[in-house]
Amino acid sequence: MKVTVRVPASTSNLGPGYDSLGMALSLQAKFTFEPSDELVIEGCPEAYRNADNLVMQGFRMVCEKAGRPVPAVHLVIDSEVPVARGLGSSSTCIAGGMAAANAMLGNPFTTDDLFQLCTAFEGHPDNAAPAFLGGLTASFMHEGRAVAVPFSPDPAWRFVAVIPNYEVRTEEARRIVRRDIDLSAAVHTMSHAIAMVRGLETGDEALVGAACADVLHEPYRRTLIAEYNAMRAMALEAGAATFFISGSGSTMIAATKSEAVAEAFVAKVRETWPDFAARVLTVCHEGTTVTVED
Ligand SMILES: Nc1ncnc2c1ncn2[C@@H]1O[C@H](COP(=O)(O)OP(=O)(O)OP(=O)(O)O)[C@@H](O)[C@H]1O
Ligand SMILES: N[C@@H](CCO)C(=O)O
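The opening residue of the sequence shown carries number 1 in UniProt numbering; numbering runs sequentially from there.
If you want it as structure tokens, here you go:
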């Protein structure tokens, strides 16, 4: 039996939607599992070629939840999603391992069950939701369960992801976010997040430009990304509707509906920061998919 799982990258927060908004993007991680005599892992740095690999942690969690022994597997990782850059690499790994184990065990769990497990492991649902379900989602916790609400972004959006050549670990980027916020910050966040979703759905660039203003995490996290101010100015000067930190960084995203603006910004970034990657991405409507071959 050979099980192949494909999981999309995701950007989370989208400015004012801290731990709430997430969107799957057109970069994919592919995980192939085959039975083996011992655990073999290919396609990732040496440090991750062991049982602690996030993919295997997800795989084990599902086997244990099902009360079944954990089979030894040969895992091949083939991922376009950069590690620790704010594009949901950890969710791709966990979702990939969980979906594969579920398929190998004969699907004892639904996609929603796996989404719940992944959310519990990550501590927030905003990457897990688009990783499993695709598209743009708002998610929240209700009576101990994660609820994901899908939205339909205008297909014309182009998301230019600028991926620096350095990591920002989510753990560190969460530590510097302030826990105590005042009422005006809460009101700002609610109103702007709602308007952001509306603007993404209707394709209203002016609304997205106004709504994508965050006071909860970006003011702190931009200090971890030395190029943030210059990059933001460049994106807006090129004509982008808005600019935000993807997830916990280090990736930054410029959103525009104009292919020409996206290409012009990419060219500028490549000229100024030749060591950074710049990719024009679109929304990915498909979440985690599983293929089984005998
Ligand atoms: N292939 C892999 N095997 C094992 N662990 C991995 C693998 N890929 C990522 N990781 C783990 O996930 C961590 C990255 O997760 P982290 O949450 O910091 O970033 P991210 O998921 O890429 O970004 P974000 O959550 O902000 O979108 C790495 O530091 C590593 O510990
Ligand atoms: N919402 C999370 C995403 C990163 O995993 C954060 O911003 O910390």
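Virtual Cβ for every residue (Gly too), placed ideally from N, Cα, C.
All figures in this text were calculated on a predicted structure; none of them were measured in a lab.
| query | result |
| --- | --- |
| Hey, how far is the Cα of L75 from the Cα of F31? | 7 Å |
| Expressed to the nearest angstrom, what Euclidean distance is found between the alpha-carbon atoms of G123 and Y48? | 21 Å |
| Determine the extent of the alpha helix (DSSP H) in which S91 is found, giving its start and end residues. | 89-104 |
| So G88 and S10 are supposed to be a Cβ contact under 8 Å. How far apart are they, rounded? | 4 Å |
| Do E38 and A66 have their beta-carbon atoms positioned less than 7 Å apart in this structure? | no |
| Please name the residue, chosen from K268, T251, S191, that lies closest to L224 on a Cα-to-Cα basis. | T251 |
| Closer than 6 Å to a non-hydrogen atom of ligand 2 - does that hold for the CB of E12? | What sits at residue 12 in the sequence shown is Ser, not Glu. Yes, Cβ of S12 sits closer than 6 Å to a heavy atom of ligand 2. |
| Rounded to whole angstroms, what is the Cα-Cα separation between A277 and E80? | 12 Å |
| Does ligand 1 have even one heavy atom less than 6 Å from the beta-carbon of N53? | yes |
| In the DSSP assignment, what are the bridge partners of T256? | R158 |
| Check M56 in the structure and name its three-state DSSP category. | helix |
| Taking 8 Å as the threshold, find out whether the segment 283-294 comes into contact with the segment 161-172 through three or more Cβ pairs. | no |
| Figure out for me which residue from T110, A156, M234 has the closest Cα to the Cα of G199. | A156 |
| Keeping to the same chain, check which residues put their C-beta closer than 8 Å to that of R222; ignore five residues upstream and five downstream. | Y228, N229, I245 |
| With 16 as the cutoff for other CB atoms within 10 Å, does Y18 come out buried or exposed? | buried |
| When the Cα of P82 is compared with those of G106, M190, A262, G249, which residue comes out closest? | G249 |
| Would you give the residue range spanned by the beta strand (DSSP E) that V208 belongs to? | First-last for V208: 205-211, but that is the alpha helix (DSSP H), not the beta strand (DSSP E). |
| With 16 as the cutoff for other CB atoms within 10 Å, does S184 come out buried or exposed? | exposed |
| Kindly identify the DSSP beta-bridge partner or partners of D78. | K30 |
| For A213, I'd like the list of residues in its chain whose CB is within less than 7 Å of its CB, leaving aside the five on either flank, ordered along the chain. | G15, P16, H192 |
| Thinking C-beta only, is R270 closer than 7 Å to A161? | no |
| Based on DSSP bridge pairs, tell me the residues matched to V290. | V5 |
| For D126, name the three-state secondary structure that DSSP assigns. | coil |
| Sort V208, M104, A195, D126 by Cα distance to V292 and report the nearest one. | M104 |
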